[in-house]
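To keep things clear, I will list the structure first and then write my remarks on it.
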Amino acid sequence: MSSENTIPPPSSVLFARGVIARLAIWTTLRIAVQEGWGGPDSSAKRTWLASVIVDSFEEQVPAPDDQYVEEQLLQIMADEFETVIEDGSAESVALDIVKIWDETRIGKQDLVTKFEELAEKIKGKRPNAQEKVVSDDEDDWEDDDWEDDGDEDEAPQLLEHPAPKPPPREPEVDEDGFTMVKGKGRR
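Pasting the structure below:
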């Protein structure tokens, strides 16, 4: 009997449902799929991402921790969707996935049901993308010797300056006292 024909345990199916639902409500992934950042197969890549996560939990002993899952999410998003995530959302998704794993191992399905209900509510709706600037006072620093003229993530703006006008030419007087006349186009 091949392993493809074996039925996975109910806890594994429940865990897979939870991972799929949690990824379905992750705004960053929803935007990446909707905007096609992963190419024409973005939706299939979302499903593949869920299967990679489920497989890592099913195959590793002990089960992966939230940091491993977060790194996995960040790496796959960078590789497959060409997206660098710095908003901390991958961390919360990873924590939720580890909680789903822990709960489904003991037969609880409340968290899975919660995520499935949330996923159903937002199905077909456009994700709300907002640019957000996060400031952490512990990470803020100032250095009076160094001044930042702008955001280093943005390309500098090019300014149009009119070409400087050449200084007015003094009339040339030859040795006989006559002023030489020159054409504008020649020098």
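Using my numbering, you'd call the opening residue of the sequence shown number 194 and step up by one each time.
Built from N, CA and C at the ideal position, the CB exists for glycine as well.
Bear in mind the structure is a predicted one, so any value in this text is a computation, not a measurement.
Does DSSP put D338 in a helix, a strand or coil? Confidence at D338 is low in this model, with a pLDDT of 45, below 50, so the placement of that residue should be treated as unreliable; the coordinate-derived value is given next. Correct three-state label for D338: coil.
Exposure label - T199; buried when at least 16 CB within 10 Å: Exposed: under 16 other Cβ atoms inside 10 Å.
Three-state secondary structure assigned by DSSP to T306: helix
For V366, which beta-bridge partners are listed by DSSP? DSSP lists T372 as the beta-bridge partner residues of V366.
Which whole-angstrom value describes the C-beta separation of E275 and W230, a residue pair presumed to lie in contact below a C-beta threshold of 8 Å? 6 Å
Buried or exposed: where does R319 fall if 16 or more other Cβ atoms within 10 Å of its Cβ makes it buried? exposed
If you run the structure through DSSP and keep just helix, strand and coil, what is W230? coil
Using a Cβ-Cβ cutoff of less than 8 Å, which residues in the same chain neighbour E284 once the five nearest sequence positions on both sides are dropped? D259, E263
Quick one: what does DSSP say E279 is sitting in, helix, strand or coil? coil
For L207, the three-state DSSP class (helix, strand or coil): Annotated three-state conformation of L207 is helix, per DSSP.
Tell me the rounded alpha-carbon separation between I290 and R215. 7 Å
Along the chain, where does the alpha helix (DSSP H) that runs through D422 open and close? Beyond the ends of the chain as shown, which are 194 and 380, falls residue 422; an answer cannot be given.
E313: which of P201, S244, S204, G211 sits nearest, CA to CA? The shortest C-alpha separation from E313 is found at G211.
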